[in-house]
Amino acid sequence: MEATIARAKVVTLEQYRTRRRPDQSGEPEGRTRRGSDGDPLFVIQKHDATSLHYDFRLEIDGVLKSWAVPKGPSTDPRDKQLAVATDDHPIDYADFEGVIPGGEYGSGTVLIWDRGTYRNLKFDANNQPIGMSQAYADGHLTVWLEGEKLRGGYALTHFRREAGKAQWLLVKMNDHAADARRNPVSTEPASVTSGRSMTQIADEERTND
Ligand code: MN
Numbered sequence: 002m003e004a005t006i007a008r009a010k011v012v013t014l015e016q017y018r019t020r021r022r023p024d025q026s027g028e029p030e031g032r033t034r035r036g037s038d039g040d041p042l043f044v045i046q047k048h049d050a051t052s053l054h055y056d057f058r059l060e061i062d063g064v065l066k067s068w069a070v071p072k073g074p075s076t077d078p079r080d081k082q083l084a085v086a087t088d089d090h091p092i093d094y095a096d097f098e099g100v101i102p103g104g105e106y107g108s109g110t111v112l113i114w115d116r117g118t119y120r121n122l123k124f125d126a127n128n129q130p131i132g133m134s135q136a137y138a139d140g141h142l143t144v145w146l147e148g149e150k151l152r153g154g155y156a157l158t159h160f161r162r163e164a165g166k167a168q169w170l171l172v173k174m175n176d177h178a179a180d181a182r183r184n185p186v187s188t189e190p191a192s193v194t195s196g197r198s199m200t201q202i203a204d205e206e207r208t209n210d
């Protein structure tokens, strides 16, 4: 698995910039450093693109490492959610909510579904922390999320490549924050930053034109 990851073609922030035209799309251009100290960021953006998905992003080494999760995250440790690695995004993309106009890369409505900070839970056999970038390269991350909708441990594990894309599994760890009865993807759809629905975001952006 490690060799597979090492060979994997990772889309960098430079490629992110060349693929997008921020003056056209209204998306952030790409700050690489956080403005504040403390724990690193995570954000989950619901994205109604060609197919609806949830973009799960973790701040690692000054960028947002990103995965597209078609079904969204679960709070039930029995669920194994497919998470397809996608482009690194700039840190300030964590603030983006709105509509990426038609014709632009990834066009469609974006809603900040959850956001907060995380802690790295990955330790080696000698109880020394394994850095997030090393854990990413190894294809196995474990993090503790402190969001508004999601809390607790989550594991991300690379398991195969298909059609040139790295496929991972996102799984809730079995801790006291796990809850098989919750289903926040369907019961808590609103934006954590604006309280808006996908429809409201789409309508308001259209009115502003
Ligand atoms: Mn997306």
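My numbering applies: residue 2 is where the sequence shown begins, and numbers increase by one.
Backbone N, C-alpha and C define an ideal beta-carbon position, used for all residues, glycine too.
Here the C-alpha atom of proline 185 lies approximately 32 Å from the C-alpha atom of aspartate 125.
Counting other Cβ atoms within 10 Å of its Cβ, glutamine 82 reaches 16 or more and is therefore classed as buried. Spanning the alpha carbons of proline 102 and serine 108 requires a straight line of approximately 5 Å. For aspartate 49, the secondary structure class from DSSP, reduced to helix, strand or coil, is strand.
The C-beta of proline 74 has 16 or more other C-beta atoms within 10 Å across all chains shown, which makes the residue buried. Nearest C-alpha to serine 52 among Asp93, Glu60, Val111 and Val64: Val111. Residue side-chain check: glycine 107 places its Cβ nearer than 7 Å to a non-hydrogen atom of the ligand MN.
Near the ligand MN, meaning a beta-carbon closer than 5 Å to one of its heavy atoms, we find His48 and Asp56.
Rounded to whole angstroms, aspartate 180 and arginine 152 show a C-alpha spacing of 10 Å. As a beta-bridge residue in DSSP terms, histidine 141 pairs with Thr158.
For serine 134, the number of other beta carbons within 10 angstroms of its own is below 16, and it is reported as exposed. Distance check between aspartate 139 and each of Asn121, His159 and Gln129 places His159 closest, using alpha-carbon atoms only. Closest option to aspartate 96, judged by alpha-carbon separation, among Pro130, Asp176, Val44 and Gly132: Val44. The segment 83 to 92 makes no contact with the segment 142 to 150, as fewer than three CB pairs between them are under 8 Å. In this structure, glutamate 98 keeps its C-beta atom at 8 Å or more from the C-beta atom of glycine 117. Checking the DSSP bridge columns, you'll see leucine 65 partnered with Glu60 and His90. Residue nearest to aspartate 176 within the set Arg207, Arg197, Thr76 and Lys150 is Thr76 (criterion: CA-CA distance). Separation of alanine 167 and valine 193 (C-alpha to C-alpha, rounded to the nearest whole angstrom) is 29 Å.
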